[in-house]
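Residue numbers (the numbering used here), protein chains in the order written: chain Z, 646 to 963; chain X, 11 to 260.
Structure (structure tokens):
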């Protein structure tokens, strides 16, 4: 549904987006991750036709955005960052306007407004002016406008920003549910959201795509992927270090100790992840092991590693 | 979906935006008060003893519009930019032209409404004497066209900034130029130039709204004057579209 090819944008000499290429098919929810200023919003603004790219192309539903902008835009629903809405209108008036400008008139318009009001729980504020709404309601109003014409493609720029946990949950559920029949791109800073909602995640840094895969695939890039943590009682730190340090599949140990408990995390060599749990079980026979966990890998670790290469390198050295 | 339909949707939204706040009513009241005061007190409507509006009433319009039209037009794009709705509007399935024309038309209709509400002056002059109502109607048309030219210039300055005050000041300055270009003291100054500079005088005065409006005031519907106002409008709206295309983020 969305095809982005070698998309670049320069603001003067500053490179905001550099050769971004990806596709999103129907039924996919693509999570867009990256530090602030990485080019997420700029990319989304180019996909929705707000900013003209310096080079590269965007196709939405088979329409080239630069050649048939209106046909392409008709298939997109867009929630910009900060969820802007006309402050001098009521929620109902705003949604009616959004429906009309998407070509819905008369009964079709009213039905569309009614449907999104129910979906986004806006009944209580329907006749209220937009500038008197709380942030959560304003956000949902702008979200409602983006889905009012039941578009094939949804582009959501930080859809859960500034919402309380319940509202976040509702929006995530909506996105997941709509993701079954639409192509959705959404950006976020919240990494749990990727697990909760996405079928695929993409990390973008300094205008380039630096990682692209399912959340599981990304997590496997983490140092924590396959790491084994043990809580051990009745043994000294040095003894534990010595015994576990000898295991060939263990790359590095992290040890924390309290009065009578030692917590050890063994990070495996990337190519011997499969062996490490078995090796450790063998090596610790006869020990008083209170708990043993195998880590799945942490997205925040991957995120930091990829977007902060210098920091990650320094940490590994120390 | 037709262009006309999209323009009408935008237009409807803009009109309702005017009337959802007190600004529109305040504007209309001020406009009418100014008109009444200047026509009857300053303009000496009664002392003139003539059954016409050309001088006592319409003479003031270029000056009223100088401040009132930029006040109407300043929010058109600056506010969209400030609130961020510009991003919504320009990612809707419409062309920028439809948005520009819709917004301009809404404000122009609003100015037309304010102008139409000065009708008691027409009733008064008809009650007191027997004026040529054709002349009055022509002058009304000219006045409305002139307000459209000012408004289109305000569209440009509004599209340039997110700050309404900046937009207001810039468009007052631009409109002031259009007035002063035909203001007698300025023309006299230019006419002191040697004879072969006459083209400059002609060029400057041909940009003046006052020169072009004076025909309408006398009841003369000259196509050149109509073309002048319409071309100022078209050129300004075109400039607005260029500014919107090149300055989408800041």
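Ideal Cβ positions, reconstructed from N, Cα and C, are used throughout, including at glycine.
Sequence-distant Cβ neighbours of residue 104 (chain X) in its own chain, meaning closer than 6 angstroms and more than five residues away, are 16. Positions of the alpha helix (DSSP H) runs, each at least 4 residues long and wholly inside the region 117–192 of chain X, are given as 129–138, 143–170, 174–190 in order along the chain. Measuring C-alpha to C-alpha distances from residue 828 (chain Z) to each of Z:668, Z:653, Z:664 identifies Z:668 as the nearest. With contact defined as three or more Cβ pairs closer than 8 angstroms, the region 155–173 of chain X and the region 81–91 of chain X are in contact. For residue 709 (chain Z), no CB of chain X lies under 8 angstroms from its own CB, so it is not counted at the interface with that chain.
Residue 732 (chain Z) reaches chain X at 93, counting residues in chain order whose Cβ is nearer than 8 angstroms. Residue 722 (chain Z) has Z:799 as its beta-bridge partners, per DSSP.
When C-beta distances to chain Z are compared with 7 angstroms, the residues of the region 102–114 of chain X below that value are 102, 103, 104, 105, in chain order. Where residue 664 (chain Z) is concerned, there is no enclosing alpha helix (DSSP H), although the beta strand (DSSP E) around it starts and stops at 659–669. Taking C-beta separations shorter than 6 angstroms and ignoring five residues to either side along the sequence, the partners of residue 794 (chain Z) in its chain run 747, following chain order. Only 745, 746, 747, 748, 750 from the region 745–763 of chain Z bring a Cβ to less than 9 angstroms from some Cβ of chain X.
In the three-state reduction of the DSSP assignment, residue 711 (chain Z) falls in the coil class, being assigned neither a helical nor a strand state.
For residue 648 (chain Z), the secondary structure class from DSSP, reduced to helix, strand or coil, is strand.
DSSP places residue 72 (chain X) in the uninterrupted alpha helix (DSSP H) bounded by 71–83. For residue 899 (chain Z), the enclosing beta strand (DSSP E) stretches over residues 895–902. For the pair residue 875 (chain Z) and residue 929 (chain Z), the CB atoms are nearer than the 8 angstroms cut-off. In the three-state reduction of the DSSP assignment, residue 866 (chain Z) falls in the coil class. By the Cβ criterion, the region 173–185 of chain X is in contact with the region 65–82 of chain X, since at least three pairs of Cβ atoms, one from each stretch, lie closer than 8 angstroms.
The Cβ of residue 57 (chain X) sits no closer than 8 angstroms to any Cβ of chain Z. Look at residue 705 (chain Z) here: in three-state DSSP terms it is strand. Cβ atoms of residue 728 (chain Z) and residue 772 (chain Z) stay farther apart than 8 angstroms, at about 20 angstroms.
Fewer than three beta-carbon pairs drawn from the region 868–882 of chain Z and the region 708–718 of chain Z are found closer than 8 angstroms, and the two stretches are therefore not classed as touching. For residue 913 (chain Z), the uninterrupted beta strand (DSSP E) run begins and ends at 906–913, by DSSP. Here the alpha carbon of residue 888 (chain Z) sits roughly 12 angstroms from the alpha carbon of residue 909 (chain Z). Distance from the CA atom of residue 767 (chain Z) to the CA atom of residue 73 (chain X), rounded to whole angstroms, is 47 angstroms. Taking a cut-off of 8 angstroms on C-beta distances, the region 910–921 of chain Z does not touch the region 850–859 of chain Z, as fewer than three cross pairs fall below it.
Under a 10 Å Cβ-count criterion, residue 163 (chain X) is classified as buried, with 16 or more other Cβ atoms of the shown protein chains found around its own Cβ. Counting other Cβ atoms within 10 Å of its Cβ, residue 759 (chain Z) stays below 16 and is therefore classed as exposed.
Annotation for residue 114 (chain X): 161, 162, 165, 247 place their beta carbon closer than 7 angstroms to its own, counting only its chain and skipping 5 residues before and after. Counting C-beta pairs with one atom in each stretch, the region 127–137 of chain X and the region 210–222 of chain X have fewer than three that are closer than 8 angstroms, which means they do not touch.
Here the alpha carbons of residue 846 (chain Z) and residue 946 (chain Z) stand approximately 15 angstroms from one another. The alpha carbon of residue 70 (chain X) has as its nearest neighbour, out of X:45, X:93, X:236, the alpha carbon of X:45.
Shown in chain order are the members of the region 685–701 of chain Z whose Cβ falls below 9 angstroms from a Cβ of chain X: 687, 690, 693, 694, 695, 696, 697. By the rule that beta-carbons nearer than 8 angstroms mark a contact, residue 61 (chain X) does not touch chain Z. The beta-bridge partner set that DSSP reports for residue 857 (chain Z) consists of Z:847. For residue 890 (chain Z), the uninterrupted alpha helix (DSSP H) segment begins and ends at 882–890.
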